[in-house]
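Taking it in order: structure first as structure tokens, then the write-up.
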Amino acid sequence: MVYGGKPSTGCQNCRKRRIKCDETRPHCRACVRTGRTCPGYPDPFDVMLRDQVAFHRKKRHTSSKVSTPKIEVESIRSSPAPVVSNDALISTRPSADLSQTGSVLRTAQQEVPRGLALPTDDTVTAMFFNSYIYSPRDPLILRGFMDILPDVFCYTQPGSHLHVGTLAVSYFSVAAWTGNRSFLQSAQQLFVKAVAKTREALQGDITHNVDDILMTILLLSTYEEFCAIKENRPSRRTHLRGAVALVNSKRPEQRSSIISLILENAVQVQLIKSSKGLAYPTMQTPNQWPPSAPVPQSASSQLLTITSELVSLRQAWDRFNEEGTNHVHDIQEILSRAYSLDANLEAWKYALPEHWKPLPAVYVPQSVREAGMYKNRCDCYTDLWMAGTWNFYRDSRIVVQNIILRCLRILPDGVMLEHIQETINLIETLALDICATVPYILGSQTIDEFDPPLPKLWTPKTNLKLLLGGLAFFTFSIYSTRRAMNRKLLASVPPYYTSSVYHKPKVSGGAEAFEALHLATMNVLSFGMMSAGGALYALDINGVEDMRKF
Numbered sequence: 001m002v003y004g005g006k007p008s009t010g011c012q013n014c015r016k017r018r019i020k021c022d023e024t025r026p027h028c029r030a031c032v033r034t035g036r037t038c039p040g041y042p043d044p045f046d047v048m049l050r051d052q053v054a055f056h057r058k059k060r061h062t063s064s065k066v067s068t069p070k071i072e073v074e075s076i077r078s079s080p081a082p083v084v085s086n087d088a089l090i091s092t093r094p095s096a097d098l099s100q101t102g103s104v105l106r107t108a109q110q111e112v113p114r115g116l117a118l119p120t121d122d123t124v125t126a127m128f129f130n131s132y133i134y135s136p137r138d139p140l141i142l143r144g145f146m147d148i149l150p151d152v153f154c155y156t157q158p159g160s161h162l163h164v165g166t167l168a169v170s171y172f173s174v175a176a177w178t179g180n181r182s183f184l185q186s187a188q189q190l191f192v193k194a195v196a197k198t199r200e201a202l203q204g205d206i207t208h209n210v211d212d213i214l215m216t217i218l219l220l221s222t223y224e225e226f227c228a229i230k231e232n233r234p235s236r237r238t239h240l241r242g243a244v245a246l247v248n249s250k251r252p253e254q255r256s257s258i259i260s261l262i263l264e265n266a267v268q269v270q271l272i273k274s275s276k277g278l279a280y281p282t283m284q285t286p287n288q289w290p291p292s293a294p295v296p297q298s299a300s301s302q303l304l305t306i307t308s309e310l311v312s313l314r315q316a317w318d319r320f321n322e323e324g325t326n327h328v329h330d331i332q333e334i335l336s337r338a339y340s341l342d343a344n345l346e347a348w349k350y351a352l353p354e355h356w357k358p359l360p361a362v363y364v365p366q367s368v369r370e371a372g373m374y375k376n377r378c379d380c381y382t383d384l385w386m387a388g389t390w391n392f393y394r395d396s397r398i399v400v401q402n403i404i405l406r407c408l409r410i411l412p413d414g415v416m417l418e419h420i421q422e423t424i425n426l427i428e429t430l431a432l433d434i435c436a437t438v439p440y441i442l443g444s445q446t447i448d449e450f451d452p453p454l455p456k457l458w459t460p461k462t463n464l465k466l467l468l469g470g471l472a473f474f475t476f477s478i479y480s481t482r483r484a485m486n487r488k489l490l491a492s493v494p495p496y497y498t499s500s501v502y503h504k505p506k507v508s509g510g511a512e513a514f515e516a517l518h519l520a521t522m523n524v525l526s527f528g529m530m531s532a533g534g535a536l537y538a539l540d541i542n543g544v545e546d547m548r549k550f
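Using UniProt numbering, the first residue of the sequence shown is number 1, and each one after it goes up by one.
Written out as structure tokens, the structure reads:
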């Protein structure tokens with residue numbers, strides 16, 4: 001057996017260049033010195049089993065060259081076969097032909113595709129689930145309908161309203177994250193398709209799939225919210241009204257499942273969020289409010305139960321504004337309800353465990369400071385879900401305090417101004433607490449992607465070399481031209497002692513022409529080299545990679 005030599009464990013760049021690789025981790029010094037991207041080193045098992053790997057690769061390459069007869073399977077299936085007896089079939093089709101045909105059919109059916117690329121829909125949904133849903137959270141966080149979406153999505157039929165609605169939200173989220181405009185166009189097309197399929201499902205029998213339809217409507221409402229944020233406009237909440245109407249149409253036996261309770265809680269959360277904007281009136285609530293029974297007690301579920309009263313308070317405030325009668329009794333009733341709700345919200349804060357309370361940041365990275373900090377505050381939380389729950393609480397209290405402030409200003413004279421000032425100070429404090437969560441949610445961008453960090457690649461200053469080389473070349477060419485002109489001038493001057501006034505120097509026309517052409521070429525090339533180097537230095541171009549940026 002011939003010894004093939006010790007296998008090379010260096011990087012692919014050094015093996016191609018046929019130089020010795022020092023195998024420095026994480027990048028070899030040869031790649032770092034030349035500015036190349038080091039592809040890494042082969043796995044030790046691939047080096048040890050190189051003979052077996054090369055044998056299988058050669059065998060697969062050899063077998064792919066063998067031509068196999070192509071059989072039109074579709075034509076066999078579609079063409080009608082004549083009905084004959086078994087004896088005639090055996091006599092006309094020998095056993096060798098049957099076995100060969102059967103082996104070819106089995107080979108065609110068992111052929112494995114070479115490419116393992118997943119469809120775009122699977123990739124986008126997996127990215128959406130992993131990035132936005134499968135994130136760590138505290139056990140006291142209430143489960144929303146998005147938490148059960150991956151499990152329900154696995155059992156949906158491709159092309160159904162729930163399947164298409166999930167794809168629309170996934171494509172929009174990934175498009176907002178990656179900036180891919182083709183994904184945004186796909187999301188719009190899928191949204192229109194999901195609306196049409198949901199309409200068809202609502203026109204049929206919804207007894208057994210009412211939860212799937214409700215989840216699809218919530219997904220469409222989420223897409224509607226995304227579009228409103230993208231276009232910087234208030235949401236129309238059309239699909240949320242449809243979700244409320246669907247909840248009203250459910251029978252009592254359809255509310256007993258866990259999925260039904262989670263979906264109704266999601267509708268409740270959306271209605272509470274819609275009632276926080278004082279610029280437009282609140283929506284109509286379901287006939288049964290709160291729509292579902294209390295869930296197991298947790299921090300977020302307790303907050304949801306308390307803030308359910310906020311919707312009723314907003315409706316009472318809207319009716320008071322529509323009537324236009326400033327009765328003191330009505331104002332006092334709304335004010336008492338607002339004070340009671342604010343007291344319950346404040347009590348929720350003191351009932352939280354110790355690890356839920358925010359802590360001020362001891363060290364703030366420079367990138368966070370450059371991004372912007374309001375009053376140099378940055379509060380840290382255990383996870384993002386806790387920060388979102390705290391902001392939900394603060395936003396609710398701001399809405400309640402705003403109603404209290406308006407009621408105090410409408411009351412007749414005689415009310416102490418201290419209550420109004422205290423309300424204003426509390427609103428400012430809650431708003432400042434919300435601003436303090438922004439740096440934590442954005443995070444720091446100073447953490448390296450790799451640990452340990454990769455060494456900074458050295459890029460040679462090619463443009464400066466070209467500039468200096470061209471300048472030196474141009475200087476020498478000018479010196480040579482000046483020397484040649486001086487020599488020609490001296491040759492044309494007659495000597496001091498001469499026999500005649502007319503002096504004709506000895507010159508060669510061919511040599512003079514060649515010298516002039518040579519000097520002109522040197523001057524043009526050196527000046528062009530110097531100009532190109534100056535342009536590259538001014539634009540900071542060191543190679544082809546930098547030129548592609550322009």
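Glycine is no exception: its CB is placed at the ideal position from the N, C-alpha and C atoms.
Given residue i as reference, the closest of the options once Cα atoms are compared
i: VAL124; options: LEU359, ASP151, TRP177 and TYR155; result: TRP177
i: LEU430; options: LEU345, ALA535, GLU370 and ARG369; result: LEU345
i: ASN360; options: ILE306, TRP348, PHE392 and PRO439; result: The sequence as given places Pro at residue 360; Asn does not occur at that position. Comparing Cα positions, the closest option is PRO439.
i: LEU519; options: ALA532, THR481 and SER367; result: THR481
i: ALA187; options: GLU322, ALA484 and VAL164; result: VAL164
i: PRO412; options: HIS327, GLY159 and ALA338; result: HIS327
i: ARG233; options: LEU240, HIS239 and GLU225; result: GLU225
i: GLU515; options: ARG483, ARG199 and ILE306; result: ARG483
i: GLN401; options: ASP342, PRO353 and THR198; result: ASP342
i: TYR381; options: VAL362, SER301 and ARG199; result: VAL362
i: THR375; options: GLN268, LEU432 and ASP330; result: Strictly speaking, residue 375 in this sequence is Lys, with Thr absent from that position. Of GLN268, LEU432 and ASP330, the residue nearest in Cα terms is LEU432.
i: THR156; options: GLN185, ASN209 and ARG15; result: ASN209
i: VAL269; options: CYS227, ARG319, SER396 and GLY159; result: SER396
i: CYS154; options: CYS28, SER131 and ALA126; result: ALA126
i: SER235; options: LEU220, SER340 and THR207; result: LEU220
i: GLU23; options: SER8, PHE474 and SER170; result: SER8
Residue i (DSSP reduced to helix, strand or coil)
i: ASP379; result: strand
i: LEU359; result: strand
i: GLY534; result: helix
i: LEU539; result: helix
i: GLU449; result: The pLDDT assigned to GLU449 is 45, lower than 50, so where the model puts this residue is not dependable; a value taken from the coordinates is nonetheless given after this. GLU449: coil per DSSP, three-state reduction.
i: CYS11; result: coil
i: ARG17; result: helix
i: ARG181; result: helix
i: ASN326; result: coil
i: VAL364; result: coil
i: ALA351; result: coil
i: LYS465; result: helix
i: PRO412; result: coil
i: THR134; result: It is Tyr, not Thr, that sits at residue 134 in the sequence shown. TYR134: coil per DSSP, three-state reduction.
i: GLY372; result: coil
i: ASP97; result: With a pLDDT of 48 at ASP97, under the threshold of 50, the modelled position of this residue cannot be trusted, and the question is left open.
i: GLU23; result: coil
i: GLU147; result: One point to set straight first is that residue 147 is Asp, not Glu, in the sequence displayed. Coil, per DSSP.
i: LEU454; result: Reliability fails at LEU454, whose pLDDT of 45 lies under 50, so the model's placement of it is uncertain and no value is given.
i: ILE76; result: With a pLDDT of 36 at ILE76, under the threshold of 50, the modelled position of this residue cannot be trusted, and the question is left open.
i: VAL83; result: Any reading at VAL83 must be qualified, since the residue scores a pLDDT of 38, below 50, and its modelled position is unreliable; the value itself is stated next. Coil.
i: GLY242; result: helix
CB-CB length for residue i against residue j, believed under 8 Å
i: LEU162; j: VAL152; result: 7 Å
i: ALA175; j: PHE191; result: That pair is no contact at about 12 Å.
i: THR389; j: ALA299; result: 7 Å
i: TRP385; j: ASP138; result: 6 Å
Contact check, residue i vs residue j, beta carbons under 8 Å
i: ALA243; j: ILE217; result: yes
i: ILE427; j: ASN391; result: no
i: LEU142; j: LEU304; result: yes
i: LEU310; j: SER274; result: no
i: SER173; j: PHE129; result: no
i: ARG409; j: ILE398; result: no
i: TYR393; j: LEU464; result: no
i: ALA371; j: LEU467; result: no
i: ASP211; j: ILE259; result: yes
i: GLY470; j: MET522; result: no
i: ALA338; j: ASP379; result: no
i: LEU246; j: ILE272; result: no
i: ASP318; j: PRO136; result: no
Q. What are the complete alpha helix (DSSP H) segments, minimum 4 residues, inside the segment 179-223?
A. Secondary structure in the segment 179-223: the alpha helix (DSSP H) runs of 4 residues or longer, each lying completely within the stretch, are 181-203 in chain order.
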